[in-house]
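> Throughout the sequence shown, residue numbering follows the UniProt record's numbering, covering 1 to 277 in sequence.
Note that the Cβ used here is the ideal one computed from N, Cα and C, for glycine as well.
Source: prediction; values computed, not measured.
Sharing a structure, written as C-alpha cells. Questions coming.
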Amino acid sequence: MLGAFDDSVTLNDMLASWVLCCVLVAAPPAGAEDLASAEAQVLFQDAQAKYETHDYAGAIELFTAAYARAHDIEDGEVRDQALGRLSFNLAQTHVLAYDIDLEPQHFVVARKLLADYRGYERALGRDPDVDTDVIRLENELAERERIEAEAEAEAAAEAEPGEVALPVADTSVRDRRRRRVGIALVSLAAPFGGLAVAGAVIGTGAKSEFEEGTTGDLRLAATSRGRTGDILLGVGVGLAVISAATGATLLGLSFQSERGHVAVRATPGGLVIGGAF
1 MLGAFDDSVT LNDMLASWVL CCVLVAAPPA GAEDLASAEA QVLFQDAQAK
51 YETHDYAGAI ELFTAAYARA HDIEDGEVRD QALGRLSFNL AQTHVLAYDI
101 DLEPQHFVVA RKLLADYRGY ERALGRDPDV DTDVIRLENE LAERERIEAE
151 AEAEAAAEAE PGEVALPVAD TSVRDRRRRR VGIALVSLAA PFGGLAVAGA
201 VIGTGAKSEF EEGTTGDLRL AATSRGRTGD ILLGVGVGLA VISAATGATL
251 LGLSFQSERG HVAVRATPGG LVIGGAF
C-alpha cells in the first residue's frame, strides 16, 4: 500500500499476507502546507481497513477519494510519488473486485490506472517496465480479461437462434467463469512452485561456493547468487500459495452457488504495496 510518499521500499511478510508487500515509511505531515497529504493519508488508512476485510467496493471508493485529494499536494515529487502508489493500489483493488462481482468495467479502470502509474514512475526517474509487481498485476488482469471474453462468447453461443443471449452476469455463466478463473489460478501454483525449487537449488549451490571460495571476489559472487536464490524461493512460494488459495476459494464459490447457497467473498489477502501512507 502507499507509504508516506517515501522512495525506500522493502519486500516484507509475503507468506503472512499472501502477497508481496513494499513498505514505505516516512514522517507525518508537518504543517498546513501538507494538508492535502494529511487528508489523503486519512482516506488511505480507511481504504486499507476496507481492503483488508475484502470490502473491495468500499476500498475503491476511499482509494479514489484519496487519489483525488493527492492531486492537490503542492510538492511535485511528493505528489507523483503519492499518485503513483495510489493508482497502483486502486488498480490492484479493481482486479480483485472483479473476482467478487464479475463486472468487466473493473478492467477498463485498472488499465487506465496502470497507465497512470507508469507515467508517475517515469516522472520519478524509474522504469515501470521492469517492475515485477506491475508485470504480475498485468498478467493477472490479462488472464481475467481472457476468461471474461470466453464467457461472453459462450453465453452468446448458447442462445437459441432468434433469442437474446443471457447477460453474462447470469448465475450459471458466472459460476462457470469463476470456475475457470479458479482452475487457471490453481494451475499456476505448479510453475510458481518450480520457481521456488529453482531458488532453493541456486541458494544451496551458492552456499557451497561461498564455503569453498578462496578469494573475496568468489565469496562475493556466491553471496550475490545466494540472495538471488532466496528471492526466487520466497517469491515462488508466495505466489504458489496465493494462486492455490485464491483459485480454491473461487472454485468453492462456484460449486456453493450451484447448491443454492449465497456466495460469500473470495479471500485473496493483503495489499501489494503496504505500510504507512
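Would you identify the three-state DSSP class for R126, choosing helix, strand or coil?
Taking the sequence shown and counting its residues from 1, one reaches residue 126 at position 126. DSSP places R126 in coil when its eight states are reduced to three.
> Tell me whether P104 sits in a helix, a strand or coil according to DSSP, three-state version.
Along the sequence shown, read from residue 1 onward, the residue named residue 104 stands at position 104. Looking at P104 - three-state DSSP - the assignment turns out to be coil, as it is neither helix nor strand.
> Specify, as a first and last residue, the run of the alpha helix (DSSP H) that E150 falls within.
Within the sequence shown, numbered from 1, the residue matching residue 150 stands at position 150. Taken as a continuous stretch (DSSP letters only), the alpha helix (DSSP H) holding E150 covers T132 to E158.
> Between L90 and Y67, is the Cβ-Cβ spacing less than 9 Å?
Position 90 of the sequence shown, counted from the start, is the residue given in the question as residue 90. Position 67 of the sequence shown, counted from the start, is the residue given in the question as residue 67. In contact: L90 and Y67 (Cβ atoms closer than 9 Å).
> I need the boundaries of the alpha helix (DSSP H) containing T64, first residue and last residue.
On the sequence shown, residue 64 is found 64 positions in, with the first residue counted as 1. First-last of the alpha helix (DSSP H) with T64: Y56 to A70.
> Only counting the same chain, and skipping five residues up and downstream in sequence, which positions put a Cβ closer than 6 Å to that of F107?
Walking along the sequence shown from the start, residue 107 turns up at place 107. Answer for F107: E145, listed in chain order.
> What do you get for D99, buried or exposed, if any count of 16 or more other CB atoms within 10 angstroms of its CB means buried?
Residue numbering aside, residue 99 sits at position 99 when the sequence shown is read from its first letter. Label assigned to D99: buried.
> Which one of A200, Q81, T64 and D34 has the shortest CA to CA distance from Q48?
As a working note, residue 48 is residue 48 in the sequence shown. Of A200, Q81, T64 and D34, the residue nearest in Cα terms is T64.
> Given a cut-off of 9 Å, decide if A57 and D101 are closer than it, judged by their beta-carbon atoms.
Stepping through the sequence shown from its first residue, residue 101 is reached at position 101. Stepping through the sequence shown from its first residue, residue 57 is reached at position 57. Yes.
> From D72 to V109, what distance separates their C-alpha atoms?
For this step, residue 72 is matched to residue 72 along the sequence shown. For this step, residue 109 is matched to residue 109 along the sequence shown. Spanning the two alpha carbons is a distance of roughly 21 Å.
> Using DSSP with H/G/I as helix, E/B as strand and the rest coil, what is T204?
Your numbering for residue 204 matches position 204 in the sequence shown. It is helical.
> Taking all protein chains shown into account, decide if D217 is buried (16 or more other Cβ within 10 angstroms of its Cβ) or exposed.
Numbered from its first residue, the sequence shown carries residue 217 at position 217. By the neighbour-count rule (16 or more Cβ atoms within 10 Å), D217 is not buried but exposed.
> So Q81 and L137 are supposed to be a Cβ contact under 8 Å. How far apart are they, rounded?
Counted from its first residue, the sequence shown places residue 81 at position 81. Counted from its first residue, the sequence shown places residue 137 at position 137. About 19 Å separates the beta carbons of Q81 and L137, which is beyond the 8 Å limit, so they are not a contact pair.
> DSSP three-state call for E212: helix, strand or coil?
Locating residue 212 in the sequence shown gives position 212, counting from the first residue. Assigned with DSSP and collapsed to three states, E212 falls in helix.
> For G213, collect the residues of the same chain with a Cβ closer than 7 Å to its Cβ; drop the 5 residues on either side in sequence, then sort them by chain order.
Position 213 of the sequence shown holds residue 213. These residues qualify, in order along the chain: R219 and A222.
> How many Å lie between E150 and E103 at the Cα?
Taking the sequence shown and counting its residues from 1, the one referred to as residue 150 is at position 150. Taking the sequence shown and counting its residues from 1, the one referred to as residue 103 is at position 103. Each residue's alpha carbon lies about 14 Å from the other.
> Are the Cβ atoms of residue 319 and L124 separated by less than 9 Å?
Look at the range of the chain in this structure, 1 to 277, and you will see that residue 319 is not part of it.
> If you follow the alpha helix (DSSP H) that E39 is part of, which residue opens it and which one closes it?
Sequence index remark: in the sequence shown, residue 39 carries index 39 (1-based). L35 to E52 is the extent of the alpha helix (DSSP H) around E39.
> Applying the criterion that 16 or more other CB atoms from any shown protein chain within 10 Å of the CB defines a buried residue, is Q41 buried or exposed?
In the sequence shown, residue 41 corresponds to position 41, counting from 1. Q41 counts as buried, since at least 16 other C-beta atoms from the protein chains shown sit within 10 angstroms of its C-beta.
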